[in-house]
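Sequences listed follow chains A and B, in order. Under the working numbering, the residues of the first sequence are numbered 1 to 213, in order. Under the working numbering, the residues of the second sequence are numbered 1 to 213, in order. To keep things clear, I will list the structure first and then write my remarks on it.
Protein chains: 2
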Amino acid sequence: MAIEQSKSDISRTRILDAAAKTFRQKGYAATTLNEIAKAADMQAGSLYYHFNSKDELLEEVLDIGINRVHEAVEESQENMPADAPPYERIRAAVDAHLTTLLKHGDYTSANISIFTQIPEEIRQRQIPKRDAFSALWRRILSRAQKAGALRDDVDPGMVRMLLLGALNWSVEWYKPGKTSIHAMADHVCLMLLEGIGADEARRGTAADKEKVA
Amino acid sequence: MAIEQSKSDISRTRILDAAAKTFRQKGYAATTLNEIAKAADMQAGSLYYHFNSKDELLEEVLDIGINRVHEAVEESQENMPADAPPYERIRAAVDAHLTTLLKHGDYTSANISIFTQIPEEIRQRQIPKRDAFSALWRRILSRAQKAGALRDDVDPGMVRMLLLGALNWSVEWYKPGKTSIHAMADHVCLMLLEGIGADEARRGTAADKEKVA
DNA sequence: GTTATTTTCTAATGTTCATTAGATTATTGG
DNA sequence: CCAATAATCTAATGAACATTAGAAAATAAC
Numbered sequence: 001m002a003i004e005q006s007k008s009d010i011s012r013t014r015i016l017d018a019a020a021k022t023f024r025q026k027g028y029a030a031t032t033l034n035e036i037a038k039a040a041d042m043q044a045g046s047l048y049y050h051f052n053s054k055d056e057l058l059e060e061v062l063d064i065g066i067n068r069v070h071e072a073v074e075e076s077q078e079n080m081p082a083d084a085p086p087y088e089r090i091r092a093a094v095d096a097h098l099t100t101l102l103k104h105g106d107y108t109s110a111n112i113s114i115f116t117q118i119p120e121e122i123r124q125r126q127i128p129k130r131d132a133f134s135a136l137w138r139r140i141l142s143r144a145q146k147a148g149a150l151r152d153d154v155d156p157g158m159v160r161m162l163l164l165g166a167l168n169w170s171v172e173w174y175k176p177g178k179t180s181i182h183a184m185a186d187h188v189c190l191m192l193l194e195g196i197g198a199d200e201a202r203r204g205t206a207a208d209k210e211k212v213a
Numbered sequence: 001m002a003i004e005q006s007k008s009d010i011s012r013t014r015i016l017d018a019a020a021k022t023f024r025q026k027g028y029a030a031t032t033l034n035e036i037a038k039a040a041d042m043q044a045g046s047l048y049y050h051f052n053s054k055d056e057l058l059e060e061v062l063d064i065g066i067n068r069v070h071e072a073v074e075e076s077q078e079n080m081p082a083d084a085p086p087y088e089r090i091r092a093a094v095d096a097h098l099t100t101l102l103k104h105g106d107y108t109s110a111n112i113s114i115f116t117q118i119p120e121e122i123r124q125r126q127i128p129k130r131d132a133f134s135a136l137w138r139r140i141l142s143r144a145q146k147a148g149a150l151r152d153d154v155d156p157g158m159v160r161m162l163l164l165g166a167l168n169w170s171v172e173w174y175k176p177g178k179t180s181i182h183a184m185a186d187h188v189c190l191m192l193l194e195g196i197g198a199d200e201a202r203r204g205t206a207a208d209k210e211k212v213a
């Protein structure tokens, strides 16, 4: 047994995959254990050999989802040379976040899209995990700011929320094929750092501001 | 009867408000007619005098949600002088979008957050309405581009999806009090048009690019 | 104020679903 | 091969819920 993996482990994973996929598509309440079981080639009752309740299954899916994206973004920073330019660090983080979300994404997507609709008790337990992930992003942006790479007239907290919003929302519209995830990450960073305004527009804006002042 | 408003109309509105609020919080499947009825000071059975089914109620909530934000953004453009600078047009649109979402937002928020989890048939009927709204934003950005206000190395479609993502996601985190919605709209536009990178960072980035090339 | 109409309530009905208990089948260790 | 354990299945239970039908209450018309 080179790879320690009992039959139970295999079934468990199959169930979790099926659950993540179904929760993501239909939401928590609308997903029946029958659907999950069918997608995992089982009968509904058999799920209880592996999980004590629908809620426990949900919670494990959510945990996997947040952990994966957290770990991916964290590793993207650890794998970076200490003297990497701030721009590259941010780009690596955006890339890792998007890749986790869009490529192997049922768990993370499920976490994002059904979060507001799960039982209160479970949601409460998820909040600290989300906060920890949020803090990771805060550190990444704060480091860039200390390195002098960010303007000082933008609110870092709002930047973070808006950026994570733009990234997380991609699960609602991204379809593979057209644009690669890496290209998308590049694009996001370009927009984020340099803006989408033409140079003339920037001057125009500045002029407007003076006019008002 | 200056304001034509029968008792029926009043109840109907009360039910719709309650439904929007509850759908938004709990999701579609997890919301029971009992909850909606209680929030509207009624018994569950009484809802059927006004609506034929839970689905019909849902669909009306969704319609109101998309219509409100669509109309708000549309009016923001119509109320603008023909020679208004592109930056101001975009800012007005962002402001209108955010205000609708966050201020009187149960309907629009419900539409956004439960969309993926509603019955297939209803979702199909919502899609064209979403497309129409998306097209409105496409026109706004395309107009700015024709006016030479946008860089030509960004993909307008992706800009739109990322911007709408950042805006829509705000329903998940925005709490009134701290920052005003108008200030937030300004901030979004600043970031969007000018970017968050410091000037040195921009130069640094450009240098990196040359180094690679 | 009495009647007709509108609106709401009460009390079923039937369905769907999570969960359970016990039977059945597969897998593993000797 | 044979037991012992693990994994899955089958069928039943009970609760929650959308929906309905008919009674009751409120409102409007005259």
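Cβ atoms here follow ideal geometry from the backbone N, Cα and C, with glycine treated the same way. Values in this document were obtained by computation on a predicted structure and should not be read as measured data.
Local Cβ density within 10 Å of residue i, reported as buried at 16 or more and exposed below that
i: residue 48/A; result: exposed
i: residue 178/A; result: exposed
i: residue 117/A; result: buried
i: residue 45/A; result: exposed
i: residue 79/B; result: exposed
i: residue 1/A; result: Legend: pLDDT at residue 1/A = 34, less than 50; position of this residue unreliable, no value from coordinates given.
i: residue 21/A; result: buried
i: residue 95/A; result: buried
i: residue 103/B; result: exposed
i: residue 215/A; result: A query on residue 215/A cannot be resolved here, the shown segment of chain A reaching from 1 to 213 and no further.
i: residue 153/A; result: exposed
i: residue 93/A; result: buried
i: residue 18/B; result: buried
i: residue 106/A; result: buried
i: residue 139/B; result: exposed
i: residue 56/B; result: exposed
i: residue 111/B; result: buried
i: residue 182/B; result: exposed
i: residue 26/A; result: buried
i: residue 30/A; result: buried
i: residue 10/B; result: exposed
i: residue 13/B; result: exposed
i: residue 3/A; result: In this predicted model, residue 3/A has a pLDDT of only 48, less than 50, meaning its place in the structure is not dependable; the value taken from the coordinates is given anyway. Counting Cβ neighbours within 10 Å, residue 3/A comes out exposed, since fewer than 16 surround it.
i: residue 194/B; result: buried
i: residue 144/A; result: buried
i: residue 40/B; result: buried
i: residue 198/A; result: buried
Residue i - partner residues in DSSP beta bridges
i: residue 58/B; result: Paired residues: none, contrary to the question.
i: residue 197/B; result: 150/A
Option in the options with minimal Cα separation from residue i
i: residue 87/A; options: 158/A, 146/A and 167/A; result: 146/A
i: residue 73/A; options: 98/A, 152/A, 52/A and 64/A; result: 98/A
i: residue 75/B; options: 51/B, 22/B, 133/B and 58/B; result: 133/B
i: residue 91/A; options: 9/A, 12/A and 167/A; result: 167/A
i: residue 124/A; options: 163/A, 62/A and 11/A; result: 62/A
i: residue 159/A; options: 10/B, 82/B, 148/B and 184/B; result: 184/B
i: residue 84/A; options: 176/A, 149/A and 157/A; result: 149/A
i: residue 126/A; options: 137/A, 67/A, 81/A and 151/A; result: 67/A
i: residue 186/B; options: 162/A, 173/A, 174/A and 198/A; result: 162/A
i: residue 58/B; options: 71/B, 113/B, 82/B and 69/B; result: 113/B
i: residue 129/B; options: 32/B, 65/B and 16/B; result: 65/B
i: residue 190/B; options: 176/A, 173/A, 170/A and 155/A; result: 155/A
i: residue 120/A; options: 8/A, 5/A, 28/A and 16/A; result: 28/A
i: residue 69/A; options: 82/A, 43/A, 12/A and 100/A; result: 100/A
i: residue 60/B; options: 39/B, 122/B and 157/B; result: 122/B
i: residue 174/A; options: 39/A, 193/A and 109/A; result: 109/A
i: residue 142/B; options: 89/B, 172/B, 115/B and 169/B; result: 89/B
i: residue 42/B; options: 16/B, 24/B and 23/B; result: 16/B
i: residue 8/B; options: 36/B, 39/B and 51/B; result: 51/B
i: residue 157/B; options: 23/A, 170/A and 164/A; result: 170/A
i: residue 151/A; options: 192/A, 136/A and 198/A; result: 192/A
Near the ligand SAM: residue i beta-carbon under 7 Å from a heavy atom
i: residue 131/B; result: This structure does not include the ligand SAM; it has no bound ligands of any sort.
Which residues, taken in chain order from the stretch 184-199 of chain A, show a beta carbon closer than 8 Å to some beta carbon of chain B? Within the stretch 184-199 of chain A, the qualifying residues are 184, 187, 188, 190, 191, 192, 193, 194, 195, 196, 197 and 198.
Any residues in the stretch 123-152 of chain B with a beta carbon nearer than 7 Å to a beta carbon of chain A? Which ones, in chain order? From the stretch 123-152 of chain B, only 148, 149, 150 and 151 have a Cβ closer than 7 Å to chain A.
In the stretch 66-88 of chain A, which residues sit with their C-beta less than 8 Å from some C-beta in chain B, listed in chain order? So the close ones are 85, 86, 87 and 88.
Output needed in chain order: residues of the stretch 155-167 of chain B with a Cβ under 8 Å from some Cβ in chain A. Within the stretch 155-167 of chain B, the residues whose Cβ lies closer than 8 Å to any Cβ of chain A are, in chain order, 155, 158, 159, 161, 162, 163, 164, 165, 166 and 167.
Got a sec: which bits of the stretch 26-46 of chain B sit with their beta carbon under 9 Å from any beta carbon on chain A, in order along the chain? So the list reads 26, 27, 28, 29, 30 and 31, given in the order they occur along the chain.
Using Cβ-Cβ distances below 7 Å, what residues of the stretch 103-118 of chain B are close to chain A? Identification of residues in the stretch 103-118 of chain B having a C-beta nearer than 7 Å to some C-beta of chain A yields 113, 116 and 117, given in sequence order.
Ignoring anything shorter than 4 residues, give me the alpha helix (DSSP H) runs that lie fully in the stretch 75-162 of chain B, in order along the chain. Counting only runs of 4 or more residues that sit fully inside the stretch 75-162 of chain B, the alpha helix (DSSP H) segments are 86-102, 106-114 and 120-146, in chain order.
Name, going along the chain, the residues of the stretch 6-22 of chain A whose beta-carbon falls closer than 9 Å to a beta-carbon of chain B. Hits within the stretch: zero.
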